[in-house]
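Student: Using the numbering used here, the letters of the sequence shown correspond one by one to residues 3 to 553.
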Amino acid sequence: GSGSIGGKARGLSFLNLLVNSYDLHLKFENVIIKVPCTLILGTDVFDLFMRKNKLFKKVMDLQDDKTILKTFLEAEFPLEISEQLYEYLEIVKRPIAIRSSSLLEDSQYFPFAGVYDTVMLANNQDYTNTRLVRLIEAIKTVYASTYSKRARSYMRYTSYRLEEEHMAIVIQNLVGNNYHERFYPDISGVAKSYNFYSVPPATSKDGIVSVAIGLGKTVVEAENCLTFCPKFPKHIPQFSSIEQTLQNNQNFFYAIDLTEHEKRSIGDEKKYAMKEAELDGTLRFSASTYSHENHTIYDGISRQGQRIITLAPILKQEIFPLPEIISSFLKIGKKGMGNDIEIEFAMRFSKDKDKPHEFCLLQMRPVANKNDDIKINYNGMDKKNWLCFSDQVLGNGHNDDIYDIILVDKDSFDRSQTTIMADEIKHFNSELYQKNIPYLLITLGRLGSSDPWLGIPVHWEQIAGVKAIIESGIEEMVIEPSQASHFFQNVSSFQIGYFTINPQNEEHYLNWDWLKQQKSVSALKYVRHIRLEKPLDLTINGRHNSGLIFI
3 GSGSIGGKAR GLSFLNLLVN SYDLHLKFEN VIIKVPCTLI LGTDVFDLFM RKNKLFKKVM
63 DLQDDKTILK TFLEAEFPLE ISEQLYEYLE IVKRPIAIRS SSLLEDSQYF PFAGVYDTVM
123 LANNQDYTNT RLVRLIEAIK TVYASTYSKR ARSYMRYTSY RLEEEHMAIV IQNLVGNNYH
183 ERFYPDISGV AKSYNFYSVP PATSKDGIVS VAIGLGKTVV EAENCLTFCP KFPKHIPQFS
243 SIEQTLQNNQ NFFYAIDLTE HEKRSIGDEK KYAMKEAELD GTLRFSASTY SHENHTIYDG
303 ISRQGQRIIT LAPILKQEIF PLPEIISSFL KIGKKGMGND IEIEFAMRFS KDKDKPHEFC
363 LLQMRPVANK NDDIKINYNG MDKKNWLCFS DQVLGNGHND DIYDIILVDK DSFDRSQTTI
423 MADEIKHFNS ELYQKNIPYL LITLGRLGSS DPWLGIPVHW EQIAGVKAII ESGIEEMVIE
483 PSQASHFFQN VSSFQIGYFT INPQNEEHYL NWDWLKQQKS VSALKYVRHI RLEKPLDLTI
543 NGRHNSGLIF I
């Protein structure tokens, strides 16, 4: 088709140019560095589909996501495009990802991270027509997500209108190996050139990488994964104690289900226990072993015990130059874009010793970075006048117009009830959002995680009116903040003040006693709403990663 290729496709095209311009494949032996083969449907295909089915006006009146999806799936797809996709599928007979690439996506100020759908397909059925039907269903699903509640909520916080958005599609070969009934990369991840949560000896400018076994859904949806600085790959804060290592360990992974099913949903992603990866032989470069008998973690998987995803063979024994490759590309990408960047990548280790491994770049987007140096003066202040202090913060600047607090009650917090808490937060957010009242959200565990046992699984639209967030751990659950998640990307883009409180860090402070003394405007079972007579005074220094909220 014709028209724009969208933001994500533009980023991929630029990535491809950088890979070839800098001859990265010559710098690292036995490694192919590339952008996977990609087919793009231009925005004119979207416009043709919408006009053909008279959907532009109709869809604006629809509010329910299920109704929107059903309407799109029942709509007729342009025949001339179907014929071209058929020819494409005659050539490509491997797993593929159908990804959004809208006009506005991956822009410098509002990247729309995780707002639109991605569908992954096994694409391994015997008949091309069967695969074509499933591909067109996936394309329609991505098109429908343009008008989802999540997209509409996000759009309200930008300077754009929904009518301005047009969707291109990226159809990309998935990276990985075939393991009988599964297909997945050995390692996938997200790297950022600027780290808002740097821990010495690393600095913010050294960047940050989050990696996981299997498909990247683990990383971008804020589930447990491994985080390290590419400049100091042997210094990993989440491994500071065995207890913390076990707590933050990846126990599941995502892969493409290659088995045939009579009734299958639109996508083919499936969640597997880590023991399945060990049976596939994919943990040899990434796992260590925890021995319950002597409470020790050993590199490698030759011993009996619990597998811990540490990437020790790569990060400690340096059998593969992953940190060097990432550092090189963060430097090149940042120079090329003139801005801090975020890249998504996936790796495939060759099963054949005589063939090279693959490091594939899947996406690059700009990341906003605040450079103003805000001073925080708190020497001589009494802590009883503080609400919160942390040296793990996101954001930069000063705010003194927050009167309202939505608080997850620490005394009634129950990890098994976090989905209910998410609904209660959504309830209060809706009330305040409709009245255009900014608020501070104080929560426990990892906010936005898709795993309800790690924290409260809210989506962005459920806290769309938030102005600042305090994410506090609890003694039995110290969770690493997940910078690579789409949720986190939106927090950054909308310049939300973000405080992480680690109860094991003596410098961190959250005034629970003061919060208990405040009267509630209203309260549900786990969450309550507080309104203050005087506003909070919030200051964040993003360059030095410190922030203070003064009462």
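Just so you know, even glycine gets a beta-carbon here, dropped at the ideal spot from N, CA and C.
Which of the three DSSP states, helix, strand or coil, is assigned to Pro537?
Tutor: It is a strand residue.
Student: Drop a sphere of 10 angstroms on the beta-carbon of Arg305, count the other beta-carbons inside from all chains shown, and report buried for 16 or more, exposed for fewer.
Tutor: It is exposed - the Cβ of Arg305 has fewer than 16 other Cβ atoms within 10 Å.
Student: Over the uninterrupted alpha helix (DSSP H) stretch that includes Val47, give me the two end residues.
Tutor: Per DSSP, Val47 belongs to the alpha helix (DSSP H) from Thr45 to Lys54.
Student: Give me, in chain order, the residues of the same chain whose beta-carbon lies closer than 7 Å to that of Gln520; leave out the 5 immediate sequence neighbours on both sides.
Tutor: Only Ile532 meet the Cβ criterion.
Student: Please report the residue range of the alpha helix (DSSP H) in which Thr291 lies.
Tutor: Segment Ala289 to Ser293 is the beta strand (DSSP E) holding Thr291; no alpha helix (DSSP H) there.
Student: Three or more C-beta pairs under 8 Å: does that hold for the segment 170-177 against the segment 32-44?
Tutor: As far as the Cβ criterion goes, the segment 170-177 touches the segment 32-44, which means the pair count is three or higher.
Student: Based on the DSSP output, what are the partners of Gln308 in its beta bridges?
Tutor: In DSSP, Gln308 forms a bridge with Tyr292.
Student: In the DSSP assignment, find the unbroken beta strand (DSSP E) run with His359 in it and report its ends.
Tutor: Unbroken beta strand (DSSP E) run through His359: His359 to Pro368.
Student: Just to confirm, are Leu106 and Glu167 a CB contact at a threshold of 9 Å?
Tutor: Yes, they are a contact pair.
Student: Starting from the N-terminal side, write out each stretch of the alpha helix (DSSP H) that is 4 residues or longer and does not extend beyond the segment 113-184.
Tutor: Runs of the alpha helix (DSSP H) inside the segment 113-184: 130-146 and 151-158.
Student: Bridge partners for Ile408 per DSSP, in chain order?
Tutor: BP columns for Ile408 point to Leu443 and His531.
Student: Please return the same chain residues whose Cβ sits closer than 6 Å to the Cβ of Ile83, not counting the five positions on each side in sequence.
Tutor: Excluding residues within five positions, the ones whose Cβ falls inside 6 Å are Val47.
Student: Report the three-state DSSP secondary structure of Trp462 (helix, strand or coil).
Tutor: Trp462: helix per DSSP, three-state reduction.
Student: According to DSSP, is Ile258 part of a helix, a strand, or is it coil?
Tutor: Note: Ile258 maps to strand in three-state DSSP.
Student: Extract the residue ranges of the beta strand (DSSP E) inside the segment 311-355, only unbroken runs of 3 or more that lie entirely within it.
Tutor: Runs found: 343-350.
Student: If the criterion is Cβ atoms closer than 9 Å, does the pair Gly191 and Ala257 meet it?
Tutor: Their beta carbons are not under 9 Å apart, which means Gly191 does not touch Ala257 by this criterion.
Student: I'd like the span of the alpha helix (DSSP H) that includes Arg101, first residue to last.
Tutor: No alpha helix (DSSP H) holds Arg101; the beta strand (DSSP E) holding it covers Ile98 to Ser104.
Student: Look at Gly307 and Tyr292 and say whether their C-beta atoms are less than 9 Å apart.
Tutor: Yes. Within cutoff.
Student: Helix, strand or coil: which one does DSSP assign to Tyr196?
Tutor: Tyr196: coil per DSSP, three-state reduction.
Student: Check this for me: beta carbons of Asp393 and Lys194, under 9 Å apart or not?
Tutor: Contact flag unset, no.
Student: Out of Lys272, Phe254 and Asn401, which has the shortest C-alpha to C-alpha gap to Glu280?
Tutor: Out of Lys272, Phe254 and Asn401, Phe254 has the C-alpha closest to the C-alpha of Glu280.
Student: Can you tell me where the alpha helix (DSSP H) with Leu20 in it begins and where it stops?
Tutor: From DSSP, the alpha helix (DSSP H) with Leu20 extends over Gly8 to Ser23.
Student: What's the C-alpha gap between Gln497 and Leu456?
Tutor: One C-alpha to the other measures close to 24 Å.
Student: State the DSSP-derived secondary structure class of Asn543, mapped to helix, strand or coil.
Tutor: In this structure, Asn543 counts as strand in the three-state DSSP scheme.
Student: In angstroms with no decimal places, state the Cα-to-Cα distance between Thr298 and Asn251.
Tutor: Going by the C-alpha atoms only, they are around 15 Å apart.
Student: For the alpha helix (DSSP H) holding Ile503, just list the boundary residues, first then last.
Tutor: No alpha helix (DSSP H) contains Ile503, which is instead part of the beta strand (DSSP E) from Gly499 to Ile503.
Student: Taking the alpha carbon of Ala18 as the reference point, which residue from Phe331, Ala140 and Tyr511 has its own alpha carbon closest?
Tutor: First, the amino acid is wrong: residue 18 is Asn here, not Ala. When only C-alpha atoms are compared, the closest one is Phe331.
Student: With distances taken between CB atoms, is the gap from Pro459 to Gly450 smaller than 9 Å?
Tutor: The answer is yes: Cβ separation under 9 Å.
Student: State yes or no: is the C-beta of Lys236 within less than 9 Å of the C-beta of Gly209?
Tutor: Result no, Cβ atoms of Lys236 and Gly209 do not sit closer than 9 Å.
Student: Quick check: the Cα distance between Asp128 and Gln249, rounded to an integer number of angstroms?
Tutor: Distance between the alpha carbons of Asp128 and Gln249: 43 Å.
Student: Between the Cα of Leu517 and those of Asn504, Thr220 and Lys386, spot the shortest distance and give me the residue it belongs to.
Tutor: When only C-alpha atoms are compared, the closest one is Lys386.
Student: Mind checking who Cys1 pairs with in its DSSP beta bridge?
Tutor: Since the displayed the chain opens at 3 and closes at 553, residue 1 lies outside it and no answer follows.
Student: So, helix, strand or coil for Ser1, using DSSP?
Tutor: This structure cannot speak to residue 1, because the chain is shown only from 3 to 553.
Student: What residues in its chain sit with their C-beta under 8 Å from that of Asn547, if we drop five residues either side in the sequence?
Tutor: Taken in chain order, the residues that qualify are Phe198, Tyr199, Ser200, Ser206, Asp393, Gln394 and Val395.
Student: Please classify Ser329 as buried or exposed, where buried requires at least 16 neighbouring CB atoms within 10 angstroms.
Tutor: Result: buried.
Student: Of the choices Gly302, Asp301, Glu295 and Ser212, whose alpha-carbon is the least far from that of Ala348?
Tutor: The shortest Cα separation from Ala348 among Gly302, Asp301, Glu295 and Ser212 belongs to Ser212.
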